[in-house]
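So the sequence shown is numbered by this note's numbering: it starts at 130 and just counts up by one. Beta carbons are placed, not taken as given, at the ideal position from N, Cα and C, and that holds for glycine.
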Amino acid sequence: MRRSVALVLVLCLVASFAFAQGTQEQVVEQVRYGELDPMYVDKDGDMVADAPADSQQWLDPDTLVFAYAPVEDPAVYEEVFVDFQKHLEAKTGKKVRWFAVTSYATQIEAMRAGRLHVSGFAAGTVQDAVNTGGFVPMVIMGAETGMTGYKMAIIAHKDSGIKTIDDLRGKTIAFVSESSNSGYSAPRAILYDQFKMLPTKDYQVAFSGKHDNSIAGVFNGDYDAGAIADTVLQRMVAGNRVPDPAEWMTLIFESQTFPPTAWGVNYRINPDLQAKIRDAFLSYNWAGTLMKETWPENDRFITVNYEKDYAITRAIRTGSEEVAKLLGE
């Protein structure tokens with residue numbers, strides 16, 4: 130009898146130990162580094178995924194897949210980046226293929242899956258690209274004075290009669306998408322924080338999908354107003370896609386300057402190749418290129434610090450999430 134009891138006790142102890150070990154392993158598996166998805170590790174604390182410790186997981190493709198954020202029509206920008214892609218090929222010894230991205234979600238998923246290697250993510254999607262897609266920001270467009278950035282603007286047509294923020298009450302505002310900073314998070318957060326206006330209660334929202342759609346929609350009278358990135362409007366005017374704003378537009382609100390599109394790589398890219406890609410960005414000569422023509426305020430790529438430089442967009446996202454809580458979304 131005593132031997133049976135002893136055996137039962139031993140078995141219970143073994144089972145308890147095994148359960149404890151299993152629980153411990155589950156806890157280890159669920160460890161998260163800040164906002165990063167559990168599949169990523171950030172041991173250096175820079176808020177960005179580290180390259181895999183196992184070199185077998187590194188990506189070193191013969192062809193680098195390159196993309197630009199779908200803030201506007203991808204076809205418009207394919208030609209703009211041809212010269213830079215040739216420079217990237219020369220610096221890395223790799224072929225480079227253009228990937229026409231049609232949505233923010235597609236771009237992030239392609240990065241996460243390892244199908245997208247080098248890309249520019251719009252400011253509002255950088256946080257999601259880093260946390261979910263394993264994106265490693267390297268550089269932004271800038272000038273000798275540093276970051277140029279962009280501003281969120283709320284615009285209306287002159288014929289709409291809308292002249293102030295208060296005039297937006299009861300009206301429909303075009304937002305871009307839920308992953309956009311200037312086309313979603315910023316206007317939601319600012320309209321509530323500064324003017325105590327909530328979507329669906331004080332104004333209605335219509336999603337246009339892209340900044341240029343919002344701008345064209347306001348111009349054509351499809352929307353009462355639109356929240357957009359001012360740099361997209363500038364490029365549309367320069368490309369004769371809409372007339373000079375002085376002829377038709379009222380600027381209702383303009384924000385502080387936000388960091389622009391971040392350019393970088395998939396975290397799984399071979400570290401040696403990452404260094405070559407970084408050098409390609411920093412050594413590129415903009416003089417006489419379509420990139421300089423498209424972004425005349427910029428003349429170089431400059432290094433970026435995600436933790437520091439994108440703190441403002443992360444704060445805006447938090448403000449937008451507070452609005453969501455108030456609305457019960």
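Contacting residues, own chain, Cβ-Cβ under 7 Å from residue i (five flanking each side not counted)
{"i": "T261", "result": "D166, I237 and R241"}
{"i": "A196", "result": "F228, V230, Q236, L245 and S248"}
{"i": "A258", "result": "I237, M240, F250 and F264"}
{"i": "I402", "result": "The question names Ile, but residue 402 in the sequence shown is Leu. D189 and T221."}
{"i": "R446", "result": "Q256 and S314"}
{"i": "D373", "result": "V366"}
Sheet register partners of residue i (DSSP bridge)
{"i": "E383", "result": "A282"}
{"i": "A178", "result": "According to DSSP, which records beta bridges pairwise, A178 is partnered with nothing at all."}
{"i": "F410", "result": "Per DSSP, none; premise fails for F410."}
{"i": "T432", "result": "V268"}
{"i": "V276", "result": "The sequence as given places Met at residue 276; Val does not occur at that position. DSSP output for M276 lists G271 as bridge partner(s)."}
{"i": "A375", "result": "According to DSSP, which records beta bridges pairwise, A375 is partnered with nothing at all."}
{"i": "A354", "result": "A285 and I302"}
{"i": "I398", "result": "L188"}
Closer than 7 Å: residue i CB and nearest the ligand COA heavy atom
{"i": "V247", "result": "Absence of the ligand COA from the depicted structure is noted, as is the absence of any ligand whatsoever, leaving it without description."}
The beta strand (DSSP E) enclosing residue i, as first and last residue numbers
{"i": "V366", "result": "It is not in any beta strand (DSSP E) - V366 instead sits in the alpha helix (DSSP H) that spans D359 to A367."}
{"i": "G393", "result": "A391 to N395"}
{"i": "P266", "result": "F264 to A272"}
{"i": "V334", "result": "Q333 to F336"}
Same chain only: Cβ atoms within 6 Å of residue i, ignoring 5 sequence neighbours per side
{"i": "K421", "result": "W415"}
{"i": "S449", "result": "S314, R317 and A318"}
{"i": "G355", "result": "I284, A303, S343 and V347"}
{"i": "L193", "result": "K223, V225, H246 and V247"}
{"i": "D331", "result": "R298"}
Neighbourhood of residue i by C-beta distance below 8 Å, restricted to the same chain and skipping five residues each side
{"i": "D179", "result": "Y169, V170, D171, K172, D173 and Y396"}
{"i": "T379", "result": "I284, A285, H286, K287, S289, I291 and K292"}
{"i": "G151", "result": "Caution is warranted here: a pLDDT of 46 is assigned to G151, below 50, making its placement in the model unreliable, and no coordinate value can be reported."}
{"i": "F324", "result": "I294 and D295"}
{"i": "G457", "result": "none"}
From the options, residue whose alpha carbon lies closest to that of residue i
{"i": "G249", "options": "I302, G457, P400 and F430", "result": "F430"}
{"i": "A453", "options": "G263, M326 and G278", "result": "M326"}
{"i": "T423", "options": "I398, R443 and M365", "result": "M365"}
{"i": "S309", "options": "M267, Q256 and M276", "result": "Q256"}
{"i": "A444", "options": "I319, V361, G417 and V433", "result": "I319"}
{"i": "T280", "options": "T254, G312 and T192", "result": "Checking the displayed sequence, the identity of residue 280 turns out to be Lys instead of Thr. Taking only the C-alpha atoms, the option nearest K280 is G312."}
{"i": "T360", "options": "W392, T293 and I283", "result": "I283"}
{"i": "D183", "options": "A409, L193 and N399", "result": "N399"}
{"i": "I357", "options": "M267, F324, A252 and Y332", "result": "A252"}
{"i": "N349", "options": "K339, V371 and G275", "result": "V371"}
{"i": "P425", "options": "Y233, A272, R407 and T432", "result": "A272"}
{"i": "P266", "options": "P389, A204, F213 and D351", "result": "P389"}
{"i": "D212", "options": "Y435, G417, M276 and N427", "result": "G417"}
{"i": "Q186", "options": "D351, Y332 and G243", "result": "G243"}
Residue interval of the alpha helix (DSSP H) (run including residue i)
{"i": "A453", "result": "A440 to L456"}
{"i": "T423", "result": "L419 to T423"}
{"i": "M341", "result": "The sequence shown places Asp at residue 341, rather than the Met named in the question. It spans H340 to N349 - the alpha helix (DSSP H) in which D341 sits, taken as one unbroken run."}
Runs of beta strand (DSSP E) wholly within the segment 186-259 (minimum 3 residues, chain order): 192-196, 224-227 and 247-250
Quick check for students: name the residue ranges of the alpha helix (DSSP H) that lie wholly in the segment 296-331, counting only runs of 4 or more. As far as the segment 296-331 is concerned, its whole alpha helix (DSSP H) runs of at least 4 residues are 315-324.
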